[in-house]
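Since the structure comes first, as structure tokens, the remarks are kept for the end.
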Amino acid sequence: MPDPAEALATLVGLGADQSGAVALAVSTTSEGTIAAVGLATSAGSVTWAGAHRELVDAIGAVEDALHPRWVLWSQDTARALVDADVRVARCWDLAAVHRLLFGGWRAEPGRVWAALHDLPSSSIPETRPVDLFTALEPDDGDLDEPLRTDGHLRPEWTDGGWATPPRIVRWAELALTASIQQEARISGLLAERPAALRTARAESTAELLCAELAADGLPLNRAMAEAIVAGFVGPRPRTEAEAAEQRASRDDEVLRHAPPGGNFDLRSPGQVKSLLRFVGIEVPDTRAWRLEEHRADHPLVEALLVWRKAERVSTTYGYSWLDQQVDADGRLRGEWSGADGAAGRMTASAGLHNLPADLRPAVVAEPGHVFVRADLGQIEPRVLAAVSGDAALARATADDDMYAPVARQLSVDRPTAKVAVLGTMYGQTTGLGAHLLPRLRSTYPVAMDFLDDADRAGQVGRELRTYGGRLVRFGSASTDGVSDREARSSAAARGRYGRNAMIQGAAAELFKVWAVTVRARGSAMGARIVLCLHDELVIQAPMAHGDAVADLVEQCLQEAVRRWAPGTPVRFVADISVLARWSDAKD
DNA sequence: TGCGGCTATTG
DNA sequence: CACAATAGCCGCAG
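Using the numbering used here, the first residue of the first sequence is number 306, and each one after it goes up by one.
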């Protein structure tokens, strides 16, 4: 292994140029250290093997000198880099671009490769445990050759066999090849979706952000979180028996309102329904919003609602959740996905996206730091105005509160206007929204036509592409053994899904452009994104830079809008504040 | 043991 | 419970 400077010189000697593409494959040991690296450029490729430290420094030297667009198979590589404290600026993530081009969520190398070579996904080979049948398989050539004769990647490679030299450099070369093929596909899309290339790049860089979010976690004050949990379910049980005792005493608070002699399990919806029938309350299901109407009918209902809340904290966000998800450094860590399988929003595990409001006071900036919290205002109707190109709706976005001008144009009050606009985007067919449909149609014809088309596409299963080019697929509508009514209702559901996917998906694309812009511009001030929440960013920054970062986040939004939809007349707004804790009041 | 249904949490 | 997600427990099929 040459030293980092020589390693860099080798790469430059191959002809690697400033800001070009460098495909990177990294093999890690079970301890998480880097053991070997394969790099490929259009001019040639190289393998590096050696000590972890040397390899990390060499990658860093390439990043600093060449600022390449790193071509990676998936977020796994980004994670390996982040774990080694290497944070690169940009990348081309083959899995992320695959999801954009072909829809769905699964994007393993074998699937990425198959799609680019028009091979059916059903024919993707898998390694199987050695058994009678494996032995009968015909030998398909050289195991050191990554491609099978049928064009698929060899499963012995995709399942981890790529990681050992000399294979690793071939793995990087294949990544480079795949990236060129993906770019060609994107180019073919540009006439129809001009934003597709920049979306592919932003979605890729969002995967780097996801790797960092997973590694960094969300600062959480454990003592405060424990106190909040205790408020719902009592002190931390020391033994299993004590935990059972607490559960039983919580149950008793409800069951003492029940008729004696009955034996009801509150965790079983069917039994809760029977229990309610015993006290004279008949409900089709036992959801909280439905029980709400019967609060006054019997004291059991109120007790049950309180029980449900405590039970939720106990099972999902209680002590075991804290123990499993919050690390010793007080960071709540989960896994992040840059795009879900539907419209492409980011997802996170460990409760990061559905943390109950009650627990949010425990999310506190670390000493010497503040949070900069920024959320986009009315992003979905603004996105509708932008992607549909409706001039009248775009004019309404000039207002900080776009529902005010919309209400004036529709001659209704603001709440009615809001429900009507949201209803059309979600496909509501009853209530106020439907009543106003004719007026919406004549006032915003372009936007309504846009939504209608998406609805029709969903109904018949015609594929859609979002503004940024993400393919939205529909499960094939099976008609056998299904009644007419069921068939109609599922078609209607797909229609609603289609119209919403075009909005939610485009909003997710804009959001990610914003997020990666903040990531890039904020790092100089030590600002780090610690949470992405669909239309909200939480950034932790050194206290001294709080206000500057807040200004920067606003500038980044305007920069992101210009990059996402150059020349759009639609105005986007964000509510930005500097806070000590997430739940603090705005302003 | 795996999976669909029910429920709750969030944007 | 309009659209989306994660997550836990129950009940039932295999």
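Beta carbons are placed, not taken as given, at the ideal position from N, Cα and C, and that holds for glycine.
Practice item. Specify the secondary structure class of F877 as computed by DSSP and reduced to three states. Key: In the first sequence, counting from the first residue as 1, residue 877 sits at position 572. Coil.
Practice item. Identify the continuous beta strand (DSSP E) that holds D705 and give its terminal residues. Key: The count along the first sequence starts at 1 and reaches residue 705 at position 400. Segment: none, D705 is in no beta strand (DSSP E) and carries neither H nor E.
Review point. Roughly how many whole angstroms lie between the Cα atoms of A865 and R617?
Key: Working through the first sequence from its first residue, we reach residue 865 at position 560. Working through the first sequence from its first residue, we reach residue 617 at position 312. Between A865 and R617, the C-alpha separation is close to 38 Å.
Practice item. Using 10 angstroms around the beta-carbon of A752, count the other beta-carbons present and answer buried if the total reaches 16, otherwise exposed. Key: As a working mapping, residue 752 is identified with position 447 in the first sequence. By the neighbour-count rule (16 or more Cβ atoms within 10 Å), A752 is buried.
Review point. Which same chain residues, not among the five before or five after P471, have their C-beta less than 7 Å away from its C-beta?
Key: One-based indexing of the first sequence puts residue 471 at position 166. Result list for P471: T352, in chain order.
Point to revise | Separation of T510 from G643, as counted between CA atoms | key: Counted from its first residue, the first sequence places residue 643 at position 338. Counted from its first residue, the first sequence places residue 510 at position 205. Between G643 and T510, the C-alpha separation is close to 9 Å.
Practice item. Kindly indicate the opening and closing residues of the beta strand (DSSP E) around L377. Key: Counting from one through the first sequence, the residue named residue 377 turns up at place 72. Residues R374 to L377.
Review point. DSSP puts F904 in a beta bridge; with which residues?
Key: Only positions 306 to 892 of the chain appear in this structure, which leaves residue 904 out of reach.
Review point. Hey, quick one: how far does the beta strand (DSSP E) through T333 stretch, first residue to last?
Key: Numbered from its first residue, the first sequence carries residue 333 at position 28. Residues A326 to T333.
Check your understanding: So who's on the other strand from A345, going by DSSP bridges?
Key -> As a position in the first sequence, residue 345 is number 40, starting the count at 1. Partner(s): A328 and S350.
Point to revise | Within 8 Å, strictly: CB atoms of A383 and C396 | key: Within the first sequence, the letter at position 78 stands for residue 383. Within the first sequence, the letter at position 91 stands for residue 396. Yes, Cβ-Cβ distance for A383 and C396 is below 8 Å.
Check your understanding: For the beta strand (DSSP E) that contains L836, what are its first and last residues?
Key -> Along the first sequence, read from residue 1 onward, the residue named residue 836 stands at position 531. Its beta strand (DSSP E) spans residues R833 to C837.
Review point. Looking only at C-alpha atoms, which of D680, Q630, G673 and R744 sits nearest to G656?
Key: The sequence position of residue 656 within the first sequence is 351, counting from 1. Minimum Cα distance to G656 is reached at Q630.
Check your understanding: Among E671, T469 and E508, which has the Cα closest to the Cα of V818?
Key -> Taking the first residue of the first sequence as position 1, residue 818 is located at position 513. The shortest CA-to-CA distance from V818 to any of E671, T469 and E508 is the one to E508.
Review point. Going by C-alpha distance, which of N526, L609 and V588 is nearest H562?
Key: Position 257 of the first sequence, counted from the start, is the residue given in the question as residue 562. Cα-wise, what sits closest to H562 is L609.
Check your understanding: For L437, which of helix, strand or coil comes out of DSSP?
Key -> Numbered from its first residue, the first sequence carries residue 437 at position 132. Reliability fails at L437, whose pLDDT of 49 lies under 50, so the model's placement of it is uncertain and no value is given.
Review point. Within this structure, are the beta carbons of L836 and L513 separated by less than 8 Å?
Key: As a first step, residue 836 must be located in the first sequence, where it is residue number 531. As a first step, residue 513 must be located in the first sequence, where it is residue number 208. Result no, Cβ atoms of L836 and L513 do not sit closer than 8 Å.
Review point. Per DSSP, P430 forms a beta bridge with which residues?
Key: Position 125 of the first sequence, counted from the start, is the residue given in the question as residue 430. Within the DSSP secondary-structure output, P430 pairs in no beta bridge.
Practice item. Just list the alpha helix (DSSP H) runs in the stretch 563–634, keeping only unbroken ones of 4 residues or longer that don't cross its boundaries, in chain order. Key: 574–583, 593–597, 604–620 and 624–630
Review point. With 16 as the cutoff for other CB atoms within 10 Å, does A725 come out buried or exposed?
Key: Locating residue 725 in the first sequence gives position 420, where the first residue counts as 1. Burial is judged here by how many other beta carbons sit within 10 angstroms of a residue's own beta carbon; A725 has at least 16 and is buried.
Practice item. Return the chain-ordered list of same chain residues with a C-beta closer than 7 Å to the C-beta of R638, the five sequence neighbours on each side being excluded. Key: Within the first sequence, residue 638 is the residue found at index 333, counting from 1. Contacts found: A519, G522, Q630, D632 and A655.
Review point. Is the stretch 856–872 touching the stretch 539–556, taking contact as three or more C-beta pairs under 8 Å?
Key: no
**Study point:** L437 to D634 span [Cα, whole Å]
**Key:** Taking the first sequence and counting its residues from 1, the one referred to as residue 437 is at position 132. Taking the first sequence and counting its residues from 1, the one referred to as residue 634 is at position 329. For L437, the predicted model reports a pLDDT of 49, less than 50, meaning its position is unreliable; a value from the coordinates is still stated below. In a straight line, the C-alpha of L437 is about 50 Å away from that of D634.
Point to revise | Where N805 falls, given that 16 or more other Cβ within 10 Å makes a residue buried | key: As a position in the first sequence, residue 805 is number 500, starting the count at 1. That one is buried.
Check your understanding: Is A314 closer than 8 Å to T346 when the C-beta atoms are compared?
Key -> Here residue 346 refers to the residue found at position 41 of the first sequence. Here residue 314 refers to the residue found at position 9 of the first sequence. No, the pair does not count as a contact, with Cβ atoms beyond the cut-off.
Review point. Just reading off the alpha helix (DSSP H) that W410 is part of, what are its end residues?
Key: Translated into positions along the first sequence, residue 410 becomes position 105. Neither: W410 is in no alpha helix (DSSP H) and is coded neither H nor E.
Exercise for review: Provide the residue(s) that pair with D398 in DSSP beta bridges, ordered along the chain.
Suggested key: In the first sequence, residue 398 corresponds to position 93, counting from 1. Paired residues: L377.
Point to revise | Nonlocal neighbours in the same chain, by C-beta distance under 8 Å from T621, ignoring five residues either side | key: Within the first sequence, residue 621 is the residue found at index 316, counting from 1. G656.
Review point. Considering only residues of the same chain and omitting the five flanking positions on each side of G649, which have a CB-CB separation below 6 Å?
Key: Indexing the first sequence from 1 puts residue 649 at position 344. Closer than 6 Å at the Cβ level, and outside the excluded window around G649, lie R775, G810 and A813.
Check your understanding: Is H372 buried or exposed, if buried means 16 or more other CB atoms sit within 10 Å of its CB?
Key -> In the first sequence, counting from the first residue as 1, residue 372 sits at position 67. Result: exposed.
Check your understanding: Where does I524 fall in DSSP's three states?
Key -> Locating residue 524 in the first sequence gives position 219, counting from the first residue. It is worth fixing the name first, because residue 524 is Pro in this sequence and not Ile. Strand.
Point to revise | Status (buried if at least 16 other CB within 10 Å, exposed otherwise) for L884 | key: On the first sequence, residue 884 is found 579 positions in, with the first residue counted as 1. So L884 counts as buried.
Point to revise | Whole-angstrom distance between V692 and A496, CA atom to CA atom | key: For the purposes of this step, residue 496 is taken as residue 191 along the first sequence, with counting starting at 1. For the purposes of this step, residue 692 is taken as residue 387 along the first sequence, with counting starting at 1. Between A496 and V692, the C-alpha separation is close to 15 Å.
Exercise for review: Please confirm whether M807 and T748 have their CB atoms less than 8 Å apart.
Suggested key: The residue labelled residue 807 in the question sits at position 502 within the first sequence. The residue labelled residue 748 in the question sits at position 443 within the first sequence. In this structure, T748 does not lie closer than 8 Å to M807 by Cβ.
Check your understanding: Under the three-state reduction of DSSP, which class applies to G493: helix, strand or coil?
Key -> Counting from one through the first sequence, the residue named residue 493 turns up at place 188. In the displayed model, G493 falls within a helix according to three-state DSSP.
**Study point:** Residues near P425 by beta carbon distance below 7 Å, same chain, minus five either side
**Key:** What you label residue 425 is simply residue 120 of the first sequence in a count that begins at 1. Result list for P425: empty, nothing under 7 Å.
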